[in-house]
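A.B. asks: Heads up: the sequence shown begins at 18 in this note's numbering, then just goes up one per residue. From the three backbone atoms N, C-alpha and C, an ideal C-beta is built for every residue, glycine too. Bear in mind that the values here come from a model prediction, so they are computed numbers and not experimental data. Sharing a structure here in structure tokens format.
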Amino acid sequence: MTNPAIAISLLAMVTLASAPLAASAKGCTSVTTQVMLRNTSDRDVWADVSWAYKTTRWNIYKAFCITPKSQYAQAYERYNHPELGPQVRVRAEIKQGDCRSRTQRTLSGDIRTINTNGGRNCLPQIHANISGTNGGYTLRLSQQY
């Protein structure tokens, strides 16, 4: 007699294995994103970069302080299952003083479909720009390949 839980697990594995590659990741056996953050605002920013697949929860993989008029370009994340739809989210806390001080405003943005240009670039770059002064702050995300 077959255990129903095992049968369901096997069915799920077969379904995932036979699913076609997502159009955004076609041609890539893995995808590694490089997230480049730039703070052009007048405040310190506490930023975190998270990853997920379309069917999973967000996971923070880098968190750091970015001072005004500076850049941090060391956030890399490898996705071993590009067919599951890798995603990137950036959250930025605009601080009242240095990064240990209270948060004035929180901004968030995400890229739900990572484009690999038809499999020609399995190392896409995500650019995040935090800008603004005197309370008018924005976070813009773009994708380069």
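What three-state label does DSSP hand leucine 140 in the structure shown?
C.D. replies: Three-state DSSP puts leucine 140 in coil, outside helix and strand.
A.B. asks: For the beta strand (DSSP E) containing glutamate 110, name the first residue and the last one.
C.D. replies: Taken as a continuous stretch (DSSP letters only), the beta strand (DSSP E) holding glutamate 110 covers 103-112.
A.B. asks: Pull up the distance between the alpha-carbon of valine 107 and that of histidine 144, whole angstroms please.
C.D. replies: Spanning the two alpha carbons is a distance of roughly 10 Å.
A.B. asks: According to the Cβ coordinates, are glutamine 88 and methionine 53 closer than 8 Å?
C.D. replies: Yes, these two residues count as a Cβ contact at 8 Å.
A.B. asks: Out of Trp63, Ser125 and Cys45, which one is the CA nearest neighbour of isoleucine 83?
C.D. replies: Ranking the options by Cα distance to isoleucine 83, first place goes to Trp63.
A.B. asks: Which residues bound the beta strand (DSSP E) around tryptophan 63?
C.D. replies: Run containing tryptophan 63: 62-70, per the beta strand (DSSP E) assignment.
A.B. asks: I'd like the list of long-range same chain contacts for cysteine 139, defined as Cβ closer than 6 Å, with 5 residues on each side in sequence excluded.
C.D. replies: Excluding sequence neighbours, cysteine 139 sits near Cys45, Val48 and Thr133.
A.B. asks: Check each candidate in Tyr70, Ser159, Thr50 and Lys79 and name the one with the smallest Cα separation from glycine 126.
C.D. replies: It is Ser159.
A.B. asks: Using beta-carbon positions only, say whether tyrosine 154 and serine 67 come within less than 8 Å of one another.
C.D. replies: No.
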